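Notes follow the structure.
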Amino acid sequence: MKHYSQVAGEIGAYSDLPFWKKADRGDLAYVAYGLFIVTLVLVSYALGALKLLPYDPQQISIGLLNAPPGRAGHLLGTDFLGRDILSRLIVGIQAYFLPGLLAIAISLSLGTALGVVAGYRGGPADALIAYFNDLVDSFPRLVLILLVIAAFKPDIYYVMVVVGVTGVPGVASLIAGKIRFLRQKNFIEAASVLGLPAHVIILKHILWYNCRTLLIIQATLGMGEAILIETSLSYLGFGVQEPTPSWGNMVQAGANYFLQGRFWPSTAPALAILFTILGFHLLGDGLNNILEGKRKK
Amino acid sequence: MTAPPLLKIEDLRTYFYSRSKQAFIRSVDGVSLQIARGETLGVVGESGSGKTITALSIMGLISAGPGVISGKIGFWSNGIRKNLLQDLEMYVVLRERDGKIMDVAKDEAGWRENAERIMGRLRGKEIAMIFQSPKSCLNPFESVGHQITEAIRLRTPAKDPKEAKERAITWLERVRIDSPRLRFESYSYGLSGGMCQRAMIAMALSAEPALLIADEPTTGLDATIQSKIVDLLAELKSEFGITTLLISHDISVISRLSDSVAVMYGGTVVEYGPARDVLSAGFALKHPYTGALLASVPSARNIQQKGYLQVIEGEVLDTINLPRGCRFYARCNRVTEAIREKCASREPDLREISPGQHVRCWLYFE
Amino acid sequence: MSRTILEVVDLRKHYRQRRGIFSALRGEERVIPAVDGVSFYLKENETLGLVGESGCGKTTIGRTILRLTPATSGKVVFDGQDITAMPARELRPLRSQMQMIFQDLDAALNPKMRMRDILKEAIRVHHRVSDAGVAQKTRELLEQVNLKESKLSNFPSELSGGEKRRVGIARVLAVGARFIVADEPTSALDVSIQAQVVNLLRDLQKQLGLSYLFISHDLRVVELISHKVAVMYLGKIVEMGLADRIAHAARHPYTHILWSSLVEKQSKEASRALANPRTGAWGVFDFERPASGCRFAPRCPVYEAKGRPTVCTDPATEPRLRDVGGGHHVACHFPL
Amino acid sequence: MRPAAIRPIALALSREMALTALLLLGVSFVVFLILYLSPGDPFSVLLEGQMAGDTARAGIREALGVPKAWYAQYLSWLGNMLKGNFGTSIRTGLPVFGEIVRVGLNTLTLTLGSLLITLCIAVPIALHAAVRGDTALSWPLTMLAYVVSALPVFWLGYLVIYVFIHKFGLFPLISGSSGAQEHAWLYFMVPIAVLGIANGTISEVIRYLRDEMSRVMAEDYIRTARAKGGSVWRHAFKEGLLIPVTEIIASKIPFILGGAVIVEQVFNWPGMGRMAWQAAQDRDFPVIMGIAMVAAAFVRLGSLLQSLVYAAVNPRGPQE
């Protein structure tokens with residue numbers, strides 16, 4: 001049985017309902033979880049940068065190899081060299097946080113610029129950008145990164161420039177699509193007939209009012225993507241090298257001890273990766289459903 | 001004994017739920033209508049009056065929740081006598097608060113199966129329907145002729161493809177599509193709006209239905225094409241004598257084709273009677289809304305004197321915030337002091353004030 | 001004697017339609033003559049109705065005059081100044097006087113802005129106005145288009161059709177428009193709301209001396225609101241004159257058919273007299289191969305009745321708009 | 001297939017071929033550019049293994065007649081590649097093209113297999129959600145999809161290896177090349193299953209298919225089909241399922257190829273991905289450049305399929 005009920009006799013205007021009342025519970029849960037993860041990452045990044053850690057992530061203690069969580073004050077236990085897993089996880093964020101931001105910055109700025117040119121100008125610019133998009137999409141991302149690593153040295157910032165550039169087509173086509181939608185409704189023509197100069201139409205009406213939620217969502221999804229790439233690379237041995245901790249190389253190091261039945265040193269960072277990426281994905285989708293409007297069934 | 005009406009709708013209610021406003025959209029809020037065999041009933045009303053939702057409820061094409069929640073739809077056709085909303089009450093639990101339905105619990109999956117059992121053989125066979133914007137009503141990936149043949153093979157004894165194709169072509173000729181054999185193979189993007197609508201009409205009538213529902217068949221078409229489609233419907237009506245439920249916001253289309261007319265406002269029927277009375281400006285016993293609607297269409301007199309159009313103040317009723325009293329009270333200009341209190345607080349019911357003429361207005365009730 | 005506010009001379013707008021990369025390489029290019037040599041003038045405080053079936057180019061004329069799409073050739077003179085090729089900077093002051101109301105109710109409204117901000121932006125687009133000035137002007141606009149003050153904080157999605165159209169009009173008045181191209185302003189509205197908007201447009205014309213180019217396929221509304229009417233067919237004006245003469249004393253066969261197709265006026269005899277078996281194939285404009293000479297010939301009953309005279313289809317003697325008395329212009333060799 | 005349908009397909013095919021050629025040219029240029037910009041002079045890097053001194057290398061370059069200008073180098077490299085000569089691998093000295101073809105097939109099966117699995121999981125869930133709407137089952141399913149697509153695939157790989165191999169002693173964890181064991185097909189299937197589930201695209205694929213399906217179910221011509229009493233599936237299939245699935249195939253192949261690199265590493269799977277990893281490790285340029293080209297060709301293959309299906313289904317011809 002599906003239940004529908006109306007509480008109030010008189011319904012106020014739609015706009016004075018605060019947005020969390022209008023949104024549906026599932027999306028609110030997504031956004032809440034996402035925001036929790038983002039704050040956790042920010043706090044950990046700060047802690048890591050300021051070196052305020054429960055233990056020194058590099059400090060080896062022979063007596064406590066692969067200790068289970070909670071043993072001898074190590075909240076999350078220790079790894080195969082007896083180093084505290086919690087501190088290493090916190091420091092592990094350094095590996096992807098700033099590079100991730102760089103990747104997002106590149107894909108959003110370039111993507112928006114190309115999207116606006118394609119959407120607003122149209123014609124040959126549109127075809128050129130479509131070609132650029134196809135070109136970037138033709139490369140499997142990891143293969144392109146391996147190529148860059150082979151040519152240059154495996155520095156995370158080079159990699160994140162590549163991740164940023166390969167994120168550009170996605171953003172560009174979303175922005176161009178939004179502009180085409182507005183153009184279809186003659187919105188852009190109505191604004192220019194009124195006398196609004198082009199830069200006002202683009203910056204204020206198109207980007208600020210109609211594209212800001214879209215860009216926030218792309219930023220969250222972009223961060224999730226950056227984490228996935230960084231952890232995969234450090235798993236492949238190209239990311240941060242031992243002994244500095246990164247979630248990827250912690251999983252990889254811990255995995256060797258599966259055969260001895262010790263799962264935790266590899267599972268802890270894997271769960272960290274899982275929950276963080278999940279957080280960013282849910283935040284992006286939740287915001288999208290609330291702000292951009294879920295497609296009504 | 002006059003023959004029983006082909007279709008009899010009693011107190012039909014179809015609601016939708018706006019999750020963002022957490023309130024019911026009461027699209028159809030107690031509609032009662034009937035169509036005699038061979039007659040054309042015109043339903044006129046503005047957007048949001050519930051005329052299309054009524055038609056979709058008859059056909060059982062409402063998918064959004066909660067959908068049809070109460071009412072009876074009696075259907076009598078050669079040999080079939082059925083209530084299309086058979087034991088709906090078993091699937092729906094309604095709770096009212098001060099006269100308005102505030103809670104609905106509906107077993108939607110259960111009702112969907114039950115409705116499918118009832119309507120399965122009727123939809124497309126006994127009752128056929130054509131829609132607005134015909135170009136988007138045809139499958140863009142299949143040729144027009146093929147879709148008509150499918151209807152024929154589904155709903156008529158002509159199962160063999162070749163025979164069905166021939167029959168489809170004769171129907172294309174019948175709806176005056178030029179060079180039907182060529183058009184048979186063409187796709188909807190290659191046809192004009194007018195021709196798509198003719199193909200839809202052919203598709204609907206090829207199953208020889210007892211009842212044809214036409215929902216805004218001429219809206220969106222050019223003036224010259226509109227009149228051609230209206231002519232075609234008139235010819236088919238005189239030739240086949242098919243019972244039709246014609247829905248439109250264009251009063252001239254309704255007056256041209258209908259025998260009796262129902263005027264809908266805010267999800268209810270406010271006036272119902274023979275077309276020549278309801279739609280003739282001179283006829284006195286008329287619901288204020290009908291009168292105002294007729295007056296707001298530029299008539300020859302208006303145009304002659306370049307006079308102002310008689311306007312109905314205010315906005316079209318929003319079917320979420322329904323007022324307590326008569327739905328048209330806020331925009332009505334014939335409220336007299338004697339009935340103002342009743343109009344504002346109690347909703348009038350649809351009563352027969354003269355033979356065949358039903359009105360929902362306190363003005364005519366003592 | 002009211003001044004001429006707008007004059008259009010031999011306006012043309014041809015769209016080049018490329019089929020695909022390959023056809024472009026082969027230079028095969030289809031030119032669609034959307035507007036093919038249109039001339040008219042419009043006086044202050046006057047409304048010119050522009051009617052014709054969809055696809056006849058009436059909207060394109062409106063957009064070309066307002067320079068939304070560049071004209072292929074011809075001249076547009078606004079208030080005495082030739083604006084066809086005027087650079088954008090110079091055009092800007094004039095721009096505020098020439099405005100457009102779009103068919104799509106949401107065209108003028110940014111879906112994410114409240115109505116108050118939409119009007120404030122329109123008021124401030126051409127000259128700096130203090131906050132108090134804006135508030136005062138907003139109240140004035142609301143009163144002119146009779147919108148309730150309470151609606152100021154609503155988003156466009158919360159407004160009804162009629163309210164959206166009125167905000168569109170208020171926005172146009174805010175910049176001080178004197179000439180408005182109204183492209184199908186009533187077609188997306190219900191009958192009762194249409195009547196309100198038609199009355200509103202006429203009131204504004206009386207109060208502010210506005211002049212309208214009223215584009216619509218709703219003949220009744222055009223007849224009511226326009227002083228003069230121009231009938232278009234396949235990119236050309238085939239008849240132009242006073243509104244009631246066009247409606248009741250049409251001289252061009254197409255105009256007669258258009259007005260006689262008004263459903264309720266159509267008595268059986270009128271339609272049968274002009275019915276032409278081949279007119280069954282209405283509706284599909286054949287742009288690719290427009291008939292030479294008079295473009296209406298293939299569907300014209302008079303051309304059929306007169307035994308298909310070659311004068312109609314010979315490109316040299318293509319019928320030109322000529323005055324048949326009392327300022328009434330027709331482009332037909334055998335006016336009714 | 002109606003004869004009339006051949007023309008749009010031929011048109012779509014020729015358009016796609018031209019685009020693919022242009023794109024592969026672009027890819028080759030990007031690959032060369034990256035190489036050219038790399039700190040070491042590409043040729044000195046190439047010859048690093050064999051020749052020690054700078055002067056010696058300069059001599060070699062003259063001898064080989066290696067042109068100075070960068071575009072001349074690019075053109076000669078491109079010319080060789082078109083003739084099938086992708087150069088020789090620095091590490092193995094074998095012609096790159098032969099190597100790539102040998103392992104390319106494995107990666108192709110791995111990629112297409114996992115794509116198939118992703119679709120086999122995603123399509124039923126999406127259809128269920130589109131037709132039934134929100135049911136008790138749909139929330140857990142979407143949550144599971146989210147978790148699975150956020151899962152690090154290498155960790156899952158290790159876990160699966162441990163469970164399948166260590167626990168059940170199914171097959172020894174040695175290089176995949178020895179096909180003799182009796183459970184060879186299982187060894188073959190596990191990586192495909194792992195990549196199919198954990199390639200990080202499942203939740204997006206489900207959402208895209210569900211949205212497309214619900215959009216089509218709400219189209220007018222489906223309502224006509226219902227009103228006609230016809231089968232909704234027959235009408236909704238083309239636009240609601242066939243085209244979105246080909247869209248997914250074309251757009252997701254790059255992601256899955258990326259995932260393949262990792263899965264091949266985890267499972268010691270003899271594929272292009274592992275070779276690319278190896279080449280990156282040893283800075284073995286010809287190999288990595290060859291792999292990039294072939295990977296790009298794979299991706300273009302996907303979009304070729306997509307535009308073919310679209311042209312075959314949509315009578316209007318290739319344009320939107």
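Line by line, the protein sequences are chains A, B, D and C.
The first sequence begins at 1 in the numbering used here and counts up by one.
The second sequence begins at 1 in the numbering used here and counts up by one.
The third sequence begins at 1 in the numbering used here and counts up by one.
The fourth sequence begins at 1 in the numbering used here and counts up by one.
Where is the CB? At the ideal position from N, CA and C, for every residue including glycine.
Computed from a predicted structure; not experimentally measured.
In this structure, the CA atom of leucine 137(C) is about 13 Å from the CA atom of alanine 145(C). Shown here, leucine 189(D) sits in coil according to DSSP, grouped into three states, outside any helix or strand. Bounds of the beta strand (DSSP E) holding arginine 12(D) are 4 to 17. Collapsing the DSSP output to three states places tyrosine 257(A) in coil. For leucine 82(C), no pairing in a beta bridge is given by DSSP. Setting aside the 5 residues that flank it on each side, phenylalanine 255(C) is surrounded in the same chain by Asn199, Gly200, Thr201, each with a C-beta closer than 8 Å to its C-beta; the list follows chain order. Residues Asn114 of the same chain have their beta carbon placed closer than 8 Å to that of aspartate 87(B), with the five preceding and five following residues left out of the count. By the 16-neighbour rule on beta-carbons within 10 angstroms, valine 297(B) is buried. Taking C-beta atoms as the reference points, serine 32(B) and aspartate 11(B) count as a pair closer than 9 Å. Fully contained in the region 316 to 358 of chain B are the following alpha helix (DSSP H) runs of length 4 or more, in chain order: 337 to 345.
When DSSP states are grouped into helix, strand and coil, tyrosine 55(A) belongs to the coil group.
Selection Ile65(D), Met232(D), Arg114(D), Arg165(D) evaluated against cysteine 56(D) yields Met232(D) as nearest (Cα-Cα).
In the pairwise beta carbon analysis, the region 143 to 151 of chain B is classified as not touching the region 208 to 220 of chain B: fewer than three pairs are separated by under 8 Å. At a cut-off of 9 Å between beta carbons, methionine 200(B) contacts chain C.
Assignment of alpha helix (DSSP H) within the region 123 to 157 of chain B, counting only whole runs of 4 or more residues, yields 144 to 155 in chain order. The residue from Gly273(B), Thr40(B), Ser70(B), Asp250(B) with its alpha-carbon nearest to that of lysine 237(B) is Thr40(B). The C-alpha of threonine 267(A) is placed about 47 Å away from the C-alpha of leucine 182(A). Close CB contacts of glutamine 265(C) within its chain, under the 8 Å cut and outside five residues either way in sequence, are with Phe154, Gly273, Arg274, Trp277 (chain order). With the criterion set as a beta carbon lying under 7 Å from some beta carbon of chain D, the members of the region 189 to 219 of chain A are Glu189, Ala190, Val193, Leu194, Gly195, Leu196, His205, Tyr209, Asn210, in sequence order. Ranked by Cα distance from isoleucine 90(A), the first of Trp264(A), Thr276(A), Ile201(A), Gly284(A) is Thr276(A).
Chain C has a Cβ within less than 9 Å of the Cβ of lysine 125(B). Residues of the region 58 to 75 of chain B whose Cβ lies closer than 9 Å to any Cβ of chain A, in chain order: Ser63, Ala64, Gly65, Pro66. Residues Val216, Met217, Ile222 of the same chain have their beta carbon placed closer than 7 Å to that of alanine 236(C), with the five preceding and five following residues left out of the count. In this structure valine 238(D) does not touch leucine 213(D) by the C-beta definition: roughly 18 Å separates them, more than the 8 Å allowed.
In this structure, DSSP gives aspartate 98(B) a state outside helix and strand, which the three-state scheme calls coil. Within chain A, the C-beta atoms nearer than 8 Å to that of asparagine 321(B) come from Glu10, Ile11, in chain order.
With a threshold of 9 Å between beta carbons, arginine 346(B) makes no contact with chain A.
In the same chain as histidine 14(D), and ignoring 5 residues on each side of it, the C-beta atoms closer than 6 Å to its own belong to Val31, Pro33, Thr72, in chain order.
Residue environment for histidine 256(D): buried (at least 16 other C-beta atoms within 10 angstroms of its C-beta).
Using a Cβ distance threshold of 9 Å, glutamine 306(C) and threonine 246(C) count as a contacting pair. Taking a Cβ-Cβ threshold of 8 Å, the residues of chain B close to lysine 2(A) are Gly65, Pro66, Ala105, Lys106, Asp107, Glu108, in chain order.
Look at the region 204 to 224 of chain D: the residues with a C-beta under 7 Å from a C-beta of chain B are His217, Leu219, Arg220, Val221, Glu223, Leu224.
If you compare the alpha carbons of Ala85(D), Gly80(D), Gln81(D), Gly52(D) with that of leucine 68(D), the shortest gap goes to Ala85(D). Counting only runs that start and end inside the region 74 to 124 of chain A, there is no beta strand (DSSP E) element of at least 3 residues. C-alpha of leucine 146(A) to C-alpha of arginine 300(C): approximately 20 Å in a straight line.
Contact annotation: in the region 33 to 67 of chain D, residues whose CB is within less than 8 Å of a CB in chain B are Glu53, Ser54.
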